[in-house]
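Q:
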Amino acid sequence: MLIGYFSDRFGRRTALICIVLSSAILGIVRSFSVNFIMLLIFEFLEPAVSSGIYPVSFILGMELIGPERRALGSFLLSIAFTLSLMLLGLEAMLTREWRLLTRVAYAPSFLILTYRWLIPESARWLVNKNRVQEAARIIESGAKYNKSQLTMEAKTMLSQAINGEFIVESNKDQKVKTYRLIMAFKSRILLLRIVICSFCWAATAFVYAGLTMFSVSLAGDKFVNFILNSFIEIPGAIVCYLLIDRMGRRKLMCLSLFVTGASCIAFILLSGVSVGGQITATLIGKSTITISFIIIYVYVAELFPTELRQTLLSTCAIFGRIGAILAPFTLYLGKHMESMEMILFAATTIPAGILILFPPETLNLQLPDTIQEAENIGKT
Numbered sequence: 001m002l003i004g005y006f007s008d009r010f011g012r013r014t015a016l017i018c019i020v021l022s023s024a025i026l027g028i029v030r031s032f033s034v035n036f037i038m039l040l041i042f043e044f045l046e047p048a049v050s051s052g053i054y055p056v057s058f059i060l061g062m063e064l065i066g067p068e069r070r071a072l073g074s075f076l077l078s079i080a081f082t083l084s085l086m087l088l089g090l091e092a093m094l095t096r097e098w099r100l101l102t103r104v105a106y107a108p109s110f111l112i113l114t115y116r117w118l119i120p121e122s123a124r125w126l127v128n129k130n131r132v133q134e135a136a137r138i139i140e141s142g143a144k145y146n147k148s149q150l151t152m153e154a155k156t157m158l159s160q161a162i163n164g165e166f167i168v169e170s171n172k173d174q175k176v177k178t179y180r181l182i183m184a185f186k187s188r189i190l191l192l193r194i195v196i197c198s199f200c201w202a203a204t205a206f207v208y209a210g211l212t213m214f215s216v217s218l219a220g221d222k223f224v225n226f227i228l229n230s231f232i233e234i235p236g237a238i239v240c241y242l243l244i245d246r247m248g249r250r251k252l253m254c255l256s257l258f259v260t261g262a263s264c265i266a267f268i269l270l271s272g273v274s275v276g277g278q279i280t281a282t283l284i285g286k287s288t289i290t291i292s293f294i295i296i297y298v299y300v301a302e303l304f305p306t307e308l309r310q311t312l313l314s315t316c317a318i319f320g321r322i323g324a325i326l327a328p329f330t331l332y333l334g335k336h337m338e339s340m341e342m343i344l345f346a347a348t349t350i351p352a353g354i355l356i357l358f359p360p361e362t363l364n365l366q367l368p369d370t371i372q373e374a375e376n377i378g379k380t
């Protein structure tokens with residue numbers, strides 16, 4: 001949540017660079033731990049910081065592209081995430097030593113320094129902060145790079161903005177800025193969305209992490225199992241990309257959660273009947289929960305206003321982290337009661353699939369900039 005506030009306050013790009021650098025430094029220092037206490041401290045600090053990398057990079061990407069490209073942007077980001085998991089599994093297989101693995105995994109993070117010149121700040125965030133001239137230059141540069149033809153009205157507005165003649169209305173009341181998060185929680189509409197999205201995020205992360213860990217406990221080489229379990233996310237990401245702009249966010253996420261729950265139930269029913277069938281059910285469940293994980297980022301980002309988007313997305317993501325933290329305990333429960341982990345996975349995904357239908361659909365809508373605009377989603 002603090003990372004979300006930092007991103008909303010100082011900018012998406014600035015936050016991303018600081019988070020990745022901090023995570024890399026903490027991770028490498030952790031690899032030099034001299035005792036268990038030192039390892040434990042840095043094992044806590046590094047994930048606390050790195051947990052913001054995906055949400056911040058996602059928000060930055062979503063605010064740099066239009067509604068018609070959000071599905072593609074989310075798809076590419078998820079593919080990059082999946083490939084990184086597969087690469088991590090390969091690195092672990094080759095190194096077989098945690099200190100060396102940690103240093104190899106974190107070393108490329110220092111390339112984030114190049115983002116200062118390679119990636120622009122979010123134009124939407126800049127406009128929201130009344131830094132219109134900077135936003136106009138980014139839009140103009142993007143139009144030239146993409147060889148896009150701007151309308152005369154757009155060219156006039158950009159020219160005025162660059163020359164300092166175009167002024168965006170901005171609320172200067174410091175009290176409003178200080179307490180806008182409280183205003184969001186006082187809104188019954190937004191509060192209900194936060195509660196629903198938090199539960200659905202927790203359920204998704206709980207099952208996603210649980211199925212990932214469960215794959216390592218299956219028979220065979222644990223490194224190969226991890227890589228294959230990560231690879232199966234790619235078909236899920238492709239299906240999500242093909243359907244998210246056709247079915248909409250809510251319906252597709254609902255369907256993916258239901259199929260995941262059904263796969264977990266199928267695993268239970270196939271216990272002692274077909275090992276191959278159980279493995280197939282596990283892979284289907286992992287693929288479909290990946291769809292839910294991709295959509296939750298897109299959907300939550302589209303439900304909340306620019307001025308609080310990163311903060312509220314991070315708030316929901318906190319509950320996702322809690323779900324991921326609880327996931328390892330399911331493996332221990334499974335040792336005492338057969339298929340207990342799958343029972344829990346089904347018991348969380350199915351209710352989440354029902355709840356996700358309550359917030360409004362956001363397909364093809366412009367991102368809301370204010371609390372009022374966010375509240376009005378679905379009313380027209």
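Per full-length UniProt numbering, the very first residue in the sequence shown carries number 1; after that it's consecutive. Quick reminder that beta carbons are idealized off the backbone N, C-alpha and C, glycines included.
What separation, rounded to the nearest whole angstrom, lies between the Cα atoms of residue 8 and residue 61?
A: Cα-Cα distance, rounded: 14 Å.
Q: With DSSP as the reference, label residue 229 as helix, strand or coil.
A: If DSSP states are grouped into helix, strand and coil, residue 229 belongs with the helices.
Q: Among 188, 224, 358, 16, which one has its Cα closest to the Cα of residue 53?
A: Selected option, being the one with the closest Cα: 16.
Q: Do residue 23 and residue 50 have their beta-carbon atoms positioned less than 8 Å apart in this structure?
A: The answer is yes: Cβ separation under 8 Å.
Q: When you compare only the Cα positions, how much space is there between residue 78 and residue 292?
A: Roughly 11 Å between the two C-alpha positions.
Q: CA-CA distance, residue 296 and residue 90?
A: Cα to Cα, the separation comes out at about 28 Å.
Q: Output the boundary residues of the alpha helix (DSSP H) element that contains residue 47.
A: Taken as a continuous stretch (DSSP letters only), the alpha helix (DSSP H) holding residue 47 covers 36-50.
Q: How about residue 377 and residue 303: do their beta carbons lie closer than 8 Å?
A: Yes; because the gap between Cβ atoms is below 8 Å, this pair is in contact.
Q: If you compare alpha carbons, which of 142, 300, 182, 198 is closest to residue 381?
A: This structure cannot speak to residue 381, because the chain is shown only from 1 to 380.
Q: Are the Cβ atoms of residue 263 and residue 284 separated by less than 8 Å?
A: Closer than 8 Å, so yes.
Q: At what residue ranges does the segment 252-321 contain a whole run of the alpha helix (DSSP H), taking only runs of 4 or more?
A: DSSP runs (the alpha helix (DSSP H)) wholly in the segment 252-321: 275-303.
Q: Please report how far the alpha carbon of residue 333 lies from the alpha carbon of residue 182, in whole angstroms.
A: Distance between the alpha carbons of residue 333 and residue 182: 39 Å.
Q: Nearest to residue 126 by CA position, among 210, 139, 109, is which residue?
A: Minimum Cα distance to residue 126 is reached at 139.
Q: Report the residue from 257, 279, 271, 363 whose alpha carbon sits nearest the alpha carbon of residue 247.
A: Closest option to residue 247, Cα to Cα, is 363.
Q: Quick check on DSSP: helix, strand or coil for residue 221?
A: DSSP places residue 221 in coil when its eight states are reduced to three.
Q: Count the other CB atoms, across all protein chains shown, that sit within 10 Å of the CB of residue 99; report buried if there are 16 or more and exposed otherwise.
A: With fewer than 16 Cβ atoms within 10 Å of its Cβ, residue 99 is classed as exposed.
Q: Leaving aside the five residues before and after residue 185 along the sequence, list all residues of the same chain whose C-beta is less than 8 Å from its C-beta, in chain order.
A: These residues qualify, in order along the chain: 191, 194.
Q: Taking C-alpha atoms, which residue in 96, 188, 305, 290 lies nearest to residue 229?
A: That would be 290, whose Cα lies nearest to the Cα of residue 229.
Q: Is it the case that the Cβ atoms of residue 355 and residue 240 are separated by a distance below 8 Å?
A: Cβ distance not < 8 Å, so residue 355 and residue 240 don't count as in contact.
Q: In angstroms with no decimal places, state the Cα-to-Cα distance between residue 366 and residue 65.
A: When rounded, the distance between both Cα atoms is 11 Å.
Q: For residue 341 and residue 216, I'd like the C-alpha separation in whole angstroms.
A: Using only the alpha carbons, I get a separation of about 14 Å.
Q: From residue 310 to residue 273, what distance separates their C-alpha atoms?
A: When rounded, the distance between both Cα atoms is 47 Å.
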